[in-house]
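Engineer: In this note's numbering, the protein residues as written are 827 to 1129.
Even glycine gets a Cβ: it sits at the ideal position worked out from N, Cα and C.
1. Keeping to the same chain, check which residues put their C-beta closer than 6 angstroms to that of residue 886; ignore five residues upstream and five downstream.
2. Is residue 964 closer than 9 angstroms to residue 978 when the C-beta atoms are compared?
3. Buried or exposed: residue 983, going by 16 or more other Cβ atoms within 10 Å of its Cβ?
4. By the three-class DSSP mapping on this structure, what secondary structure does residue 1102 have?
5. Taking DSSP as the reference, what is the three-state secondary structure of residue 958?
6. Does DSSP put residue 973 in a helix, in a strand, or in coil?
7. Just to confirm, is the Cβ distance from residue 1039 to residue 1007 under 9 angstroms?
8. Would you kindly report the start and end of the unbroken alpha helix (DSSP H) that includes residue 1004?
9. Rounded to whole angstroms, what's the CA-CA distance from residue 1056 to residue 993? Just pull it up for me.
10. To the nearest angstrom, report how far apart residue 1075 and residue 1037 are at their CA atoms.
11. Could you please give the first and the last residue of the uninterrupted alpha helix (DSSP H) stretch that includes residue 1045?
12. Mind reading off the beta-carbon distance from residue 1028 to residue 1061? Whole number of angstroms is fine, and I expect it under 8 angstroms.
13. I need the DSSP call for residue 1057, collapsed to helix, strand or coil.
14. Return the first residue and the last residue of the alpha helix (DSSP H) that residue 933 is part of.
15. What is the rounded straight-line gap between the Cα of residue 959 and the Cα of residue 998?
16. Would you kindly report the start and end of the unbroken alpha helix (DSSP H) that includes residue 995?
17. Please determine, among 942, 948, 961 and 945, the residue with the shortest C-alpha to C-alpha distance to residue 925.
18. Can you check which of these residues, 945, 949, 953 and 913, is closest to residue 935 by C-alpha distance?
19. Can you name the residues that DSSP bridges to residue 1016?
20. Could you check which residue in 953, 1005 and 915 has the C-alpha nearest to that of residue 932?
21. Which residue wins for smallest C-alpha separation from residue 966, given the options 944, 1031 and 1001?
22. If we call anything under 9 angstroms between Cβ atoms a contact, is residue 1017 one with residue 985?
23. Are residue 921 and residue 942 close, meaning C-beta to C-beta below 9 angstroms?
24. Which residue from 1035, 1023 and 1051 puts its Cα closest to that of residue 981?
25. Does residue 1070 have its Cβ less than 9 angstroms from a Cβ in chain C?
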């Protein structure tokens, strides 16, 4: 129970009293970071303060050209760059949008740093920066200058590229930058192969992101996010579930066969029929819903 409570405090950034020596605290946070999804801001600040003090204390013992960190043994040790805890300062910088410190770390460790999995969820520095929201857009822009298109196709443990993360959190500005650098990201699927960035935007209720991705995601690609067998009907269902009926109408106008293809489309129309608020004239989509219904009826009748 105490471990669960501590985990919650670490994730939420609640103030936690660590009545332990600096070196033990540093080791604990680094080990927790390797397997954790996120650590709250106040904990990161305490970690940074303690580590800075400890590194200054041991500076005289640092070997020339070595990468050194303070460990629970109260003594510095050289560590390989494959150790995720070594990248904790890079994670901090990406979360905060601190490009100056991030650039120093990248320069010291070389280009492989851009593809390194720096978190327990197998995320790169770009995943972390994009997932931190619009405030890190300048950081993302600078990072893209050092990145190749292939760097942006690295997937996390869920199969998401950085564009997939941008779609999931609704970070439209970052998405535009990523697509400009590598348009193929629009067609990289995650999970079972039928979930693309445009699906993530709909699934997580990000209307602005969804409308942007509808504009730039082209048809007839391989793989195809609008595939009439699986991906397309699934997208229509997710959009209707999110009550973005104008977006659903746009999709059907472009891909009318989605109105009559597969079980998922039948589920979409059932969801629409069961949503009483969708039929309210005062609803947020009241002016768009009727054309959507007429379009579905026409396509179902004449297909």
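Structural biologist: Working from what's here:
1. Position 60 of the chain shown holds residue 886. Only weak support is given to the placement of residue 886: the predicted model assigns it a pLDDT of 44, under 50, and the value that follows is read from those uncertain coordinates. No residues qualify anywhere along the chain.
2. As a working mapping, residue 978 is identified with position 152 in the chain shown. As a working mapping, residue 964 is identified with position 138 in the chain shown. Taking 9 angstroms as the Cβ cut-off, residue 978 and residue 964 do not qualify as a contacting pair.
3. The residue given as residue 983 occupies position 157 in the chain shown. With fewer than 16 Cβ atoms within 10 Å of its Cβ, residue 983 is classed as exposed.
4. On the chain shown, residue 1102 is found 276 positions in, with the first residue counted as 1. Here residue 1102 scores only 49 on pLDDT, less than 50, and its place in the model should not be relied on; the value that follows carries that caveat. Looking at residue 1102 - three-state DSSP - the assignment turns out to be helix.
5. Stepping through the chain shown from its first residue, residue 958 is reached at position 132. It is coil, neither helix nor strand.
6. As a working note, residue 973 is residue 147 in the chain shown. Residue 973: coil per DSSP, three-state reduction.
7. Locating residue 1039 in the chain shown gives position 213, where the first residue counts as 1. Locating residue 1007 in the chain shown gives position 181, where the first residue counts as 1. Against a cut-off of 9 angstroms, the Cβ pair of residue 1007 and residue 1039 comes out as no contact.
8. By 1-based counting over the chain shown, the position of residue 1004 is 178. First-last of the alpha helix (DSSP H) with residue 1004: 998-1007.
9. Position 230 of the chain shown holds residue 1056. Position 167 of the chain shown holds residue 993. Whole-angstrom Cα-Cα distance: 20 angstroms.
10. Here residue 1075 is taken as the residue at index 249 of the chain shown, counted from 1. Here residue 1037 is taken as the residue at index 211 of the chain shown, counted from 1. Rounded to whole angstroms, residue 1075 to residue 1037 spans 12 angstroms at the Cα level.
11. Indexing the chain shown from 1 puts residue 1045 at position 219. Segment: none, residue 1045 is in no alpha helix (DSSP H) and carries neither H nor E.
12. For the purposes of this step, residue 1028 is taken as residue 202 along the chain shown, with counting starting at 1. For the purposes of this step, residue 1061 is taken as residue 235 along the chain shown, with counting starting at 1. Confirmed, about 6 angstroms.
13. Along the chain shown, one-based indexing puts residue 1057 at 231. Helix.
14. For the purposes of this step, residue 933 is taken as the residue at position 107 of the chain shown. That run of the alpha helix (DSSP H) goes 925-935.
15. To locate residue 959, count along the chain shown from 1; it is residue 133. To locate residue 998, count along the chain shown from 1; it is residue 172. For residue 959 and residue 998, the distance between alpha carbons rounds to 9 angstroms.
16. Residue numbering aside, residue 995 sits at position 169 when the chain shown is read from its first letter. Note, residue 995: alpha helix (DSSP H), 988-995.
17. The sequence position of residue 925 within the chain shown is 99, counting from 1. Closest by alpha carbon: 961.
18. For this step, residue 935 is matched to residue 109 along the chain shown. Selected option, being the one with the closest Cα: 913.
19. Walking along the chain shown from the start, residue 1016 turns up at place 190. Paired residues: 1021.
20. Your numbering for residue 932 matches position 106 in the chain shown. Measuring from the Cα of residue 932, the nearest candidate turns out to be 915.
21. Here residue 966 refers to the residue found at position 140 of the chain shown. It is 1001 whose Cα lies nearest to the Cα of residue 966.
22. Indexing the chain shown from 1 puts residue 1017 at position 191. Indexing the chain shown from 1 puts residue 985 at position 159. Contact flag set, yes.
23. What you label residue 921 is simply residue 95 of the chain shown in a count that begins at 1. What you label residue 942 is simply residue 116 of the chain shown in a count that begins at 1. Their beta carbons are not under 9 angstroms apart, which means residue 921 does not touch residue 942 by this criterion.
24. Counting from 1 along the chain shown, the entry for residue 981 is found at position 155. Of the candidates 1035, 1023 and 1051, the one whose C-alpha sits nearest the C-alpha of residue 981 is 1023.
25. Absent from the structure: chain C. Only one protein chain is present.
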